[in-house]
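Student:
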Amino acid sequence: MIAANFDPLARLQQWLFEAWVQPLLFSAGWMHYEEQAYDALEWLPVGVLEVLLVAVVLGTLQRRWPVEPLADRAAVRTDIAYTLLHRLGLFPLLAFVVLAPAFDALEARLRWLGVSRLSVEQWLPDA
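Residue numbering for the sequence shown follows our numbering, beginning at 64 and increasing consecutively.
1) Quick check on the burial criterion: 16 or more other C-beta atoms within 10 angstroms. Buried or exposed for V183?
2) Measure the alpha-carbon distance for P71 versus W78 and round it to whole angstroms.
3) DSSP three-state call for M64: helix, strand or coil?
4) Over what stretch of residues does the alpha helix (DSSP H) that includes D142 continue unbroken?
5) At the level of alpha carbons, what is the spacing between Q125 and E131?
6) To which residues of the same chain is M64 closer than 8 Å at the C-beta, ignoring the five residues directly before and after it?
The following block contains the structure:
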C-alpha cells in the first residue's frame, strides 16, 4: 500500500533522470557519477511536493490568521529563497560538486601510498 503511494514519484524520478540528467551527464563526460546523480535526484520531486504543501497549507494559514504583522517583505523573500535551495536539494548538490573531486583526489593519493579502504571483512576473524 505504501509503495503504491510512492510509485508516481519513482516514475517521475526515472523520467527526469532519463530526459534531463543522463543526457547532461553524458555530454559533460560525467557518466561515472550516474548512480550518485540518480540517487540525488530522488529529493527533487519530494522537495517540490514539500514546497507546494508548505506554500498551500502554511501560506493559507498565515494569510488567514497571521502570527505577527508582515513588516519586511525582503526578509520573507530571503526565507523563500533559502527554503527552495534547501528543499529542492541544491545545497547537497553543491556540496557534492565541491567535495567529490577533493575526496576522489584524496582517496587516489592514499591508494597510491598503499592505504586501502577499511571493510568489515578486514575486522572479522577468518571463519
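For each residue, glycine too, the CB sits at the ideal point set by N, CA and C.
Here the structure is a predicted model, which means the values were calculated and not measured.
Tutor: For this structure:
1) Residue burial annotation: V183 is exposed, with fewer than 16 other C-beta atoms found within 10 angstroms of its C-beta.
2) One Cα belongs to P71, the other to W78, and the distance between them is close to 10 Å.
3) With a pLDDT of only 43 at M64, under the threshold of 50, the placement of this residue in the model should not be trusted; the figure read from the coordinates follows. Secondary structure of M64 (DSSP, three-state): coil.
4) That run of the alpha helix (DSSP H) goes R136 to R150.
5) Within the model, the alpha-carbon separation for Q125 versus E131 is close to 9 Å.
6) Per-residue confidence for M64 stands at a pLDDT of 43, beneath the threshold of 50, marking its modelled position as unreliable; the derived number appears in the next sentence. For M64, where only same-chain residues beyond five positions count, there are no Cβ hits under 8 Å.
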